[in-house]
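One structure is given here, and the rest of the page talks about it.
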Amino acid sequence: MPKSLPQLRVEVNPLTAGRLPRFTEPALLVVSLVVTAAFLSLLAAANPAIIVIASALVFLATSFALSVSIEGVRHAKDRLAAHVVTGFFLVALAPLVSLAWGTLAKGVARMDPQFFTYSMRNVIGDGGGAVHAIWGTLIITGMATLISVPIGLMTAIYLVEYGSRHRLSSAIRFFVDVMTGIPSIVAGLFAYTLFSLFFGPGTKVGVAGAVALSVLMIPTVVRSTEEMLRLVPNELREASYALGVPKWRTIVKVVLPTSLAGIITGVVLSIARIIGETAPLLVTAGMNQSMNTNPFDAPMATLPVFVYYQYVTPGIPQDPYHARAWAGALTLILIVMLLNLIGRLISWKFAPKPGR
Amino acid sequence: MTTHTVPDPPGDADRTLRRTGRQVGDVVFRSFSTGSGITILVLLAAVATFLVGMSIPAFTADAADLPFGDFWAYVAPYAFGTVWAATLAMLFAVPLSVGIALFLTHYAPKRVRQIFGYIIDLLAAVPSVVFGLWGINVLAPLMRPLFVWLNENLGWIPFFAGKVSGTGRTILTAAVVLAVMVLPIITAMCREVFTQTPRLHEEASLALGATRWEMIRQAVLPFGMPGVVSGCMLGLGRALGETMAVAMVLSPAAVIHVKLLTSSNPNTIAANIALTFPEAFQLGVNQLIATGLVLFVITLAVNMTARWVVARRKEFSGAN
Amino acid sequence: MSKRIEIKDLDIYYGKFHAVSGVNMTIQPRAVTAFIGSSGCGKSTVLRSINRMHEVIDGAYSTGQVLLDGVDLYGPGVDPVRVRRQVGMVFQAPNPFPTMSIRENVLAGVRLNNAKVSKAQAEEIVEKSLRAANLWKEVKDRLERPGSGLSGGQQQRLCIARAIAISPDVVLMDEPCSALDPISTLAIEDLIHQLKEEYTVVIVTHNMQQAARVSDQTAFFNLKEQGKPGELIEVASTEKIFHNPDQKATEDYITGRFG
Chain A
1 MPKSLPQLRV EVNPLTAGRL PRFTEPALLV VSLVVTAAFL SLLAAANPAI IVIASALVFL
61 ATSFALSVSI EGVRHAKDRL AAHVVTGFFL VALAPLVSLA WGTLAKGVAR MDPQFFTYSM
121 RNVIGDGGGA VHAIWGTLII TGMATLISVP IGLMTAIYLV EYGSRHRLSS AIRFFVDVMT
181 GIPSIVAGLF AYTLFSLFFG PGTKVGVAGA VALSVLMIPT VVRSTEEMLR LVPNELREAS
241 YALGVPKWRT IVKVVLPTSL AGIITGVVLS IARIIGETAP LLVTAGMNQS MNTNPFDAPM
301 ATLPVFVYYQ YVTPGIPQDP YHARAWAGAL TLILIVMLLN LIGRLISWKF APKPGR
Chain B
1 MTTHTVPDPP GDADRTLRRT GRQVGDVVFR SFSTGSGITI LVLLAAVATF LVGMSIPAFT
61 ADAADLPFGD FWAYVAPYAF GTVWAATLAM LFAVPLSVGI ALFLTHYAPK RVRQIFGYII
121 DLLAAVPSVV FGLWGINVLA PLMRPLFVWL NENLGWIPFF AGKVSGTGRT ILTAAVVLAV
181 MVLPIITAMC REVFTQTPRL HEEASLALGA TRWEMIRQAV LPFGMPGVVS GCMLGLGRAL
241 GETMAVAMVL SPAAVIHVKL LTSSNPNTIA ANIALTFPEA FQLGVNQLIA TGLVLFVITL
301 AVNMTARWVV ARRKEFSGAN
Chain C
1 MSKRIEIKDL DIYYGKFHAV SGVNMTIQPR AVTAFIGSSG CGKSTVLRSI NRMHEVIDGA
61 YSTGQVLLDG VDLYGPGVDP VRVRRQVGMV FQAPNPFPTM SIRENVLAGV RLNNAKVSKA
121 QAEEIVEKSL RAANLWKEVK DRLERPGSGL SGGQQQRLCI ARAIAISPDV VLMDEPCSAL
181 DPISTLAIED LIHQLKEEYT VVIVTHNMQQ AARVSDQTAF FNLKEQGKPG ELIEVASTEK
241 IFHNPDQKAT EDYITGRFG
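Residue numbers (the working numbering), protein chains in the order written: chain A, 1 to 356; chain B, 1 to 320; chain C, 1 to 259.
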């Protein structure tokens, strides 16, 4: 037998030296949690948030130390990075869960028929509802959509179908980008000044709110529609031209139907974004305790503004006002989630998918 | 065979080749769409004009006549508060967003990536007034013990000095709410550029014996840096303009200081307008609109820089 | 430097898909081995299994052994990261890191493995690697310039320099010349001749003439039937494969009857 035997795989394979077994990390996590919780309880500082944070830090430190000693610094850093980014993700989940749970828990109390059928007219203290605010939101958002979609759609058509090379379209594109950055309160101020100048200072009407929301909505409609129109392959347009169909008909009969699903999704998502806007409506449509379905006369209540005022300027006792505010918040969230869901469903079912 | 040197008289040409009725449709449609484009330019010009127009009295009138006093002295704490709150928010949001984007693109198991992505996007769907409610009710009380601890143990640092707010409604809490609101925006942009890292570069790194984290540092992050920057600027623009969350969460005072834990906090321009506008009148209105103009200019500068960074990057990668 | 590779009963799977079946071969040190065969028959897959790069794809795994001088790369608990330090790779399309200078590109692998390399050592490594890649004379005056500013052939040689800077035992090349013009291709082939004095080189190529020019040993892969996994049909000295192959399939491929 030669003196130097082939090396035993298990012990001396230089490629294996030092790997943490798979169970190590979960075990370490549990241990850190338990030890930290016990330690902090002893110190009488057993706030759940602090326990979570402290045990996370303990876990990171011990896992790193263990990994360094067995696997080496490079792998230890790799593990640390993996833990940190996972931790960041979980941290982002926390507010989401907290928000969802809190709004649900607190809002459910007033999700009764009265809330959806009564306004705040002559209501002091308990009772009353948000029907006027819900109607106001629907009316004002509806008007904003009626203003924004035609303008946005036609502008996107101009940018994609007619103006691709003109300087006008670069200017428009640039300014649309600028418009996406307008703070919502500034849009509100603009609408307020517009109506003040024409109808007297201090005019608060529903249509002013619609104008403010349009300023915010138009740029998003333009950009999402533009994207959808660009996805339509040029071959389709050329086939239509080759058949002698004029350009405008090609757009209306070929391009738009092809991209319709995507455009609708874009519009629905834009609606979802502006329906929760509060600041511009504060300064334009104001607040009304009673039902008002005329957007051209008198202030109009909207759901976000309703929630704001109910919470921030409650009467005495405060609780019924806060309860209404939370119910309004829950309603608002449900509406927004529903719109998002509808938008994504339409997109998922009907729209052409870009290659990924 | 006669050769025609003169074009056929109109009546002889095939009628179907002439563009008659069809032309009207094209002209009408085209003018509508061009008109819409121009409407946007007009709209934006109107916004700028009205804002500037309504602001001028605030700059020209006598300080004695102005309900809020000299304009620049009035707007200074709010301008500071706007930038300060947004900066604090970005301090929290940027590392979180980059980390989450990396998690979603390189660490999460492939099957759940889309779902997790949707979940983070849900944060963007929550209306700001609901964030405000959450901030007052849940976050502020939760953070208060931390504030007390910071104040007691690290109170010698200027940020943590002063008398701790009784409700926890401080600029730090508002900044955390802002960070949560801005997170999905930055994360979305980062995710996009991280997934666009060319496979070839990632494999080059791995083939050299890099660990996953080393590959990210070598290939993914350098490639995606311009996208990360522009995502941050977009998020910053949003944070600067956010109104309701700050208006509801922060307990304001017209001060300029960097204490994070007290109940007198510099407010932001947007929140101040929301709070003061309903009761303002005449020149007060002009002053508030003037502060809005200042805010508009700040956010405009930030957004245009973000677009410029993205545009530069497109050229850069085109050269390759 | 330069180790022998023994592949024993290697089967490679992508999830449920059986990509390659039953490979058995020995790759000699200080020699060039070429993998040839038509598209989709597993040559790149087998190449990538030598440095465990196929595992980068989700769900890919293999059974069998790949022994590097007797040490099994697939042994229990083996770290793929360490495997890749010893087995380097050059890809089909040149992929220098675009945000790094030429110098930093060469040092990329080195910096990963030795956190602290003195400036003098670093310069030495850069020069040595670039010389070994036949690129030194062309770039020595512009080492700070970005790696992406070179021509295709130069970029590929830069990638080769980067791969050998960490002193691997094996250099794998996956169709390294397919994106290059004929002149650059010749330059790379000359380089391969030099590299084999120090390293074990395995090259996958579509170009039979290249395999004949460059390699000492050739392995021919093929699919027995559509839908079946790829297999190693025959492996022997290049001389034998091209003039006197044992298998009919090999002869058909060489003479151009298919593929």
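Note that CB positions come from ideal geometry on N, CA and C, so glycine has one too.
Between residue i and chain B, is any beta-carbon pair separated by less than 8 Å?
i, result
"T103 (chain A)", "yes"
"T99 (chain C)", "yes"
"A65 (chain A)", "no"
"R19 (chain A)", "no"
"M173 (chain C)", "no"
"G153 (chain C)", "no"
"T117 (chain A)", "no"
Are residue i and residue j touching if we call contact CB-CB under 8 Å?
i, j, result
"A161 (chain C)", "S129 (chain C)", "yes"
"N286 (chain B)", "T170 (chain B)", "no"
"G162 (chain B)", "R144 (chain B)", "no"
"G241 (chain B)", "T299 (chain B)", "yes"
"P365 (chain A)", "V205 (chain A)", "Residue 365 (chain A) lies beyond the residue range present for chain A, which begins at 1 and ends at 356; the question has no answer from this structure."
"V178 (chain A)", "N303 (chain B)", "yes"
"V32 (chain C)", "K196 (chain C)", "yes"
"M287 (chain A)", "P299 (chain A)", "yes"
"G292 (chain B)", "V186 (chain A)", "yes"
"V180 (chain B)", "V228 (chain B)", "no"
"M244 (chain B)", "A279 (chain A)", "yes"
"A34 (chain C)", "T250 (chain C)", "no"
"I57 (chain C)", "V170 (chain C)", "no"
"L295 (chain B)", "T276 (chain B)", "no"
"Y78 (chain B)", "I216 (chain B)", "no"
"L158 (chain C)", "L180 (chain C)", "no"
"A92 (chain A)", "L139 (chain B)", "no"
"T187 (chain B)", "A101 (chain B)", "yes"
Consider the Cβ of residue i: report whether some Cβ of chain A lies at a distance smaller than 8 Å.
i, result
"V75 (chain B)", "no"
"I5 (chain C)", "no"
"L300 (chain B)", "yes"
"L295 (chain B)", "yes"
"I273 (chain B)", "yes"
"M248 (chain B)", "yes"
"F50 (chain B)", "yes"
Counting only beta-carbon atoms, is residue i nearer than 8 Å to chain C?
i, result
"F223 (chain B)", "yes"
"A86 (chain B)", "no"
"R22 (chain A)", "no"
State the Cα-Cα distance for the pair residue i and residue j, rounded to the nearest angstrom.
i, j, result
"I346 (chain A)", "M228 (chain A)", "13 Å"
"L17 (chain C)", "R131 (chain C)", "The displayed chain sequence assigns Phe, not Leu, to residue 17 (chain C). Going from the Cα of F17 (chain C) to the Cα of R131 (chain C) covers about 43 Å."
"A280 (chain B)", "R167 (chain A)", "43 Å"
"G125 (chain A)", "P314 (chain A)", "9 Å"
"I151 (chain A)", "K349 (chain A)", "26 Å"
"L96 (chain B)", "A37 (chain A)", "26 Å"
"G81 (chain B)", "M53 (chain C)", "52 Å"
"V139 (chain C)", "S259 (chain A)", "51 Å"
"S21 (chain C)", "A239 (chain B)", "58 Å"
"E11 (chain A)", "S69 (chain A)", "Here E11 (chain A) scores only 38 on pLDDT, less than 50, and its place in the model is too uncertain to base an answer on."
"S44 (chain C)", "D190 (chain C)", "22 Å"
"T250 (chain A)", "L236 (chain B)", "42 Å"
Near-chain B residues of the region 72-87 of chain A - C-beta to any C-beta below 9 Å: R74, H75, K77, D78, R79, L80, A81, A82, V84, V85, T86 and G87
Residues, ordered as in the chain, of the region 9-25 of chain C that lie near chain A by beta-carbon distance below 9 Å: none
Residues within the region 191-219 of chain B neighbouring chain C, beta-carbon criterion of under 7 Å: L200, H201, E203, A204, L206, A207, L208, G209, A210, T211, E214, Q218 and A219
Near-chain A residues of the region 71-82 of chain C (beta-carbon distance less than 8 Å), N- to C-terminal order: Residues of the region 71-82 of chain C with a C-beta atom less than 8 Å from some C-beta of chain A are V71, D72, L73, G75, P76, G77, V78, D79, V81 and R82, listed in chain order.
Interface residues of the region 98-124 of chain B facing chain C [CB-CB below 9 Å]: P109 and K110
Touching by the beta-carbon criterion (3+ pairs, under 8 Å), the region 248-263 of chain A and the region 329-342 of chain A: Taking 8 Å as the limit for Cβ pairs, the verdict is that the region 329-342 of chain A does not touch the region 248-263 of chain A.
Segment contact, 8 Å Cβ cut-off, at least three pairs: the region 140-154 of chain A with the region 198-213 of chain A: yes
Contact between the region 234-245 of chain A and the region 61-76 of chain B (3+ Cβ pairs under 8 Å): no
Chain A contacts made by the region 50-67 of chain B, where a contact means CB separation under 8 Å: Contact residues of the region 50-67 of chain B toward chain A are F50, L51, G53 and M54 (C-beta to C-beta distance below 8 Å).
Contact residues within the region 57-68 of chain C, judged by C-beta distance below 7 Å to chain B: Flagged, chain order: D58.
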